[in-house]
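Report on the following structure.
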Amino acid sequence: MELRYATNPDQVPAFDTSELRRRYLVENLFTDDEVTAVYTHHDRVVLAGIRPVATTVVLETSPEIRSDYFFEHREAGIVNVGGPGTIAVDGASYRLDHGSCLYIGRGSREVTFASSDVGGALGPARFYLFSAPAHTEYPTTLVSAGEGTVRELGDPKTSNRRTLNQYIHENGVRSCQVVMGVTSLHEGSMWNTMPAHTHDRRTECYLYFDLPEDARVIHLLGTPTETRHLVVANEQATIAPSWSVHSGFGSASYSFVWAMAGENQSFDDMDGFAIGDML
């Protein structure tokens, strides 16, 4: 498990491109038959990628979280961004197709991941996990793709028409901290998260997926008056501290998993600002 320490906005002006990428971009999350994990001290979030190919992959604990098993003090939301697969939680099996979400609650002991059709059109399953500390238990719950709370946002005239599926949230699948969903840009729309905002009470991470191999997303970060950017490829993740902008523009349409943890679970608790105020 890679460890990343927290940063503050005063550091950002001194970061060059390589340092920005080292701090805020997770480039290689999906490795065959392994769990690849990053622990960030921003709200003590763990990001992980699991791509089972030749074998079933077991989610083990790690010294960084000081637990006898991964979910002893944690919960997680998991979205499958690859081909169909299954997650087994303490003997119960859940099938996740592309875009489906599974919430796993605190106290779950044995968690394994497998692909159902490695040679299929979408390839092996690729499970993206977002985890935060939890202080009570909620039941493990599956939400199939498109079955969350659906919100239609944006407008083709401003190139940000998008469908937002809320999966884990205060009026959906219950959790202690994790809020999670998937947003898909409509064809011809490229901007996500417009108008831009911060929320000084939660860390938010994006995993971009369904992005063509030769396309990229220009992801904005930093404070509204001191922005920087990351060039992000398919199935790479970004970490946005609570003080940071998190918005992007793609060279093609795409989807992204958004996930948050922090002070509260109110989706609309955000501090917006006009793009004309950004520098």
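In the working numbering, the protein residues as written are 122 to 400.
Glycine included, every Cβ here is placed at the ideal spot set by N, Cα and C.
Would you call the segment 204-221 and the segment 249-258 in contact, with 3 or more CB pairs under 8 Å?
Cβ pair count under 8 Å is below three, so no.
How would you write the range of the beta strand (DSSP E) that L341 sits in, first residue to last?
Note, L341: beta strand (DSSP E), 338-344.
Anyone know if the C-beta pair for A197 and S139 falls short of 8 Å?
Contact flag unset, no.
Would you be able to state if there are at least three C-beta pairs under 8 Å between the segment 274-292 and the segment 319-332?
Verdict: no, contact absent.
Residues bridged to L274 by DSSP?
Partner(s): R283.
Could you name each continuous beta strand (DSSP E) segment of 3 residues or more that falls completely within the segment 299-343, going from the start of the chain to the end?
Correct list: 300-306, 323-330.
How do the segment 263-283 and the segment 341-360 stand: do at least 3 beta-carbon pairs fall below 8 Å, yes or no?
No, the segment 263-283 does not touch the segment 341-360.
Over what stretch of residues does the beta strand (DSSP E) that includes L141 continue unbroken?
Note, L141: premise wrong, no beta strand (DSSP E); alpha helix (DSSP H) at 138-145.
Identify whether A361 lies in helix, strand or coil by the three-state DSSP scheme.
In this structure, A361 counts as strand in the three-state DSSP scheme.
Output the distance between the C-alpha atoms of T304 and L146, rounded to the nearest integer angstrom.
Straight-line Cα distance between these residues: approximately 19 Å.
Relative to the alpha-carbon of Y224, which residue among V210, S237, S236, A246 has its alpha-carbon at the smallest distance?
Looking at the Cα atoms, V210 is the closest of the given residues.
May I ask which residues mark the beginning and end of the beta strand (DSSP E) holding N201?
Run containing N201: 195-201, per the beta strand (DSSP E) assignment.
Cβ atoms of F248 and M311: under 8 Å apart, would you say?
For M311 and F248, no; Cβs fall outside 8 Å.
Any idea if I396 is buried or exposed, counting beta-carbon neighbours within 10 angstroms, 16 or more meaning buried?
That one is exposed.
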